[in-house]
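Everything on this sheet refers to the single structure shown next.
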Amino acid sequence: MSGDRPAPEGIDPAKPNAARVYDYLLGGKDNYSADRAVAKRMLEVAPENRTLAWFSRKFLTGAARLAAEGGVRQFIDIGAGIPTSPSVYETVAEIDPAVRVASVDYDPVVCVHANAITAGQTGVTPMHADFREPSDLIARLRTEAGIDFDQPVALLIVGVLHFIMDHERPAEILARFSEVMAPGSYVAFTHGSTETDDTFVNQTASDTKGSTAQFVFRSKSEVAKLFDGFDILDPGIVTVQEWLADNLPPTRLVILAGVGHKPEGPGDHG
Numbered sequence: 094m095s096g097d098r099p100a101p102e103g104i105d106p107a108k109p110n111a112a113r114v115y116d117y118l119l120g121g122k123d124n125y126s127a128d129r130a131v132a133k134r135m136l137e138v139a140p141e142n143r144t145l146a147w148f149s150r151k152f153l154t155g156a157a158r159l160a161a162e163g164g165v166r167q168f169i170d171i172g173a174g175i176p177t178s179p180s181v182y183e184t185v186a187e188i189d190p191a192v193r194v195a196s197v198d199y200d201p202v203v204c205v206h207a208n209a210i211t212a213g214q215t216g217v218t219p220m221h222a223d224f225r226e227p228s229d230l231i232a233r234l235r236t237e238a239g240i241d242f243d244q245p246v247a248l249l250i251v252g253v254l255h256f257i258m259d260h261e262r263p264a265e266i267l268a269r270f271s272e273v274m275a276p277g278s279y280v281a282f283t284h285g286s287t288e289t290d291d292t293f294v295n296q297t298a299s300d301t302k303g304s305t306a307q308f309v310f311r312s313k314s315e316v317a318k319l320f321d322g323f324d325i326l327d328p329g330i331v332t333v334q335e336w337l338a339d340n341l342p343p344t345r346l347v348i349l350a351g352v353g354h355k356p357e358g359p360g361d362h363g
């Protein structure tokens, strides 16, 4: 691992990490040899994945802006990753500088970088937490980040759900958040699709088995079921390219994207 900076205590740089693989694809420098090896093999199978990473990033900021323009002033960025500009905060602060952003990630390496980069940004609260423990996270969002679930929030889950295995009950996690989110809230998400090229699926499974970068592909109908209770906005659950614009090139790794809106109606905000 020549040339890599020393890993923080408790971090095994020999195991690939999803946030650091993504950081490499975006051109960042906060990654290790194991991460670069996985990313490079991904690029050998599908060289356009670097472009796809930027498509996903553009979707994230675009969905955050959509929610801000819809009146939301509280943002929960799940799996926020190593900070990249333009960030969610930079994007929505253009609409209202008084926005509040909770930047959540369970990777301690990510949190070290996030704390350093966001120091002095009063509207951003980096949090080391696990989305798979929703009740604990919701409580901490209230106390540590000042999130008021009686007011609309935007829950941003970009590049996260395909790392949550079926036995980790993604539908239950999302249902718990839906319970506490006020009407008028938004949820934005991406998810790896079963329409992905088989060669890429097999390569990814081999490279990431047992690591935090392990990937599960789901169908469009399976993804839609995760968001029962939300109205999916046009153009629906489509490829990230279709959500962004017309005529963007297809990719062998197919990433679905969508934005949901919580309608008015009875609900438990407890």
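Following our numbering, the numbering of the sequence shown begins with 94 at its first residue and continues without gaps.
Note that CB positions come from ideal geometry on N, CA and C, so glycine has one too.
Query, Result
"Return the Cβ separation of methionine 238 and threonine 218 in integer angstroms, given the expectation that the two are a contact with Cβ distance under 8 Å.", "Looking at the sequence shown, residue 238 is not methionine but alanine. Confirmed, about 4 Å."
"Since phenylalanine 152 is in the beta strand (DSSP E), which residue starts that stretch and which ends it?", "Phenylalanine 152 -> not in any beta strand (DSSP E); alpha helix (DSSP H) instead, spanning 142-162."
"Measuring straight from C-alpha to C-alpha, what distance separates tyrosine 125 and proline 176?", "17 Å"
"Assign alanine 338 to one of three DSSP states: helix, strand, or coil.", "coil"
"Between which two residues does the alpha helix (DSSP H) harbouring leucine 234 extend?", "227-238"
"Taking the straight line between their C-alpha atoms, what separation do you get for valine 333 and alanine 107?", "31 Å"
"Would you kindly work out how many angstroms separate the C-alpha atoms of alanine 112 and valine 205, rounded to a whole number?", "13 Å"
"Out of curiosity, what's the CA-to-CA distance linking glutamate 137 and leucine 119?", "16 Å"
"From this set, Ile231, Ala195, Leu267 and Met135, which residue's C-alpha is nearest lysine 318's C-alpha?", "Leu267"
"What's the gap between the Cα of aspartate 115 and the Cα of histidine 284?", "In the sequence under discussion, the amino acid at residue 115 is tyrosine, which differs from the aspartate named in the question. Answer to the nearest angstrom: the Cα atoms are 14 Å apart."
"Near valine 181, which residues of its chain fall below 8 Å by C-beta distance, leaving aside the five closest residues on each side in sequence?", "Leu153, Thr154, Ala157, Phe168, Asp170, Ala173, Val194, Ser196 and Leu249"
"Please report the distance separating the alpha-carbon of valine 251 from that of aspartate 243.", "23 Å"
"Runs of 3 residues minimum, wholly inside the stretch 274-328: which ones carry the beta strand (DSSP E) assignment?", "279-285"
"I'd like the list of long-range same chain contacts for isoleucine 188, defined as Cβ closer than 8 Å, with 5 residues on each side in sequence excluded.", "Arg158, Ala161 and Glu162"
"Would you say threonine 301 and proline 109 are within 8 Å of each other, going by their C-beta atoms?", "yes"
"Assign proline 190 to buried or exposed, taking buried as 16 or more other Cβ atoms, counted over all protein chains shown, within 10 Å of its Cβ.", "exposed"
"Where do the N-terminal and C-terminal ends of the alpha helix (DSSP H) with leucine 119 fall, by residue?", "Unbroken run through leucine 119: none, as it is neither H nor E."
"Flag this pair as yes or no: are the beta carbons of aspartate 241 and leucine 230 separated by less than 8 Å?", "no"
"Serine 278 and proline 245 look like a contact to me (Cβ under 8 Å); what is the Cβ gap, rounded to whole Å?", "5 Å"
"For the alpha helix (DSSP H) containing valine 202, name the first residue and the last one.", "201-210"
"Determine the burial state of alanine 232: buried for a count of at least 16 other Cβ atoms within 10 Å of its Cβ, exposed for fewer.", "exposed"
"So which of Val273, Ala275 and Val280 has the shortest CA-CA distance to leucine 254?", "Val280"
"Ends of the beta strand (DSSP E) at serine 180?", "Premise fails: serine 180 is in no beta strand (DSSP E) and is neither H nor E."
"Quick check on the burial criterion: 16 or more other C-beta atoms within 10 angstroms. Buried or exposed for asparagine 340?", "exposed"
"Residue range of the beta strand (DSSP E) that alanine 373 falls in?", "Only positions 94 to 363 of the chain appear in the structure, and residue 373 is not among them; the question remains open."
"Just checking alanine 207 against the ligand GDP - is the residue's beta carbon closer than 7 Å to any of the ligand's heavy atoms?", "As for the ligand GDP, it is missing from this structure, which has no ligand bound."
"Ignore the nearest five residues each way along the sequence and tell me which others in methionine 220's own chain have a CB closer than 7 Å to its CB.", "Ala195, Ser196, Val197, Arg233, Glu237 and Ala238"
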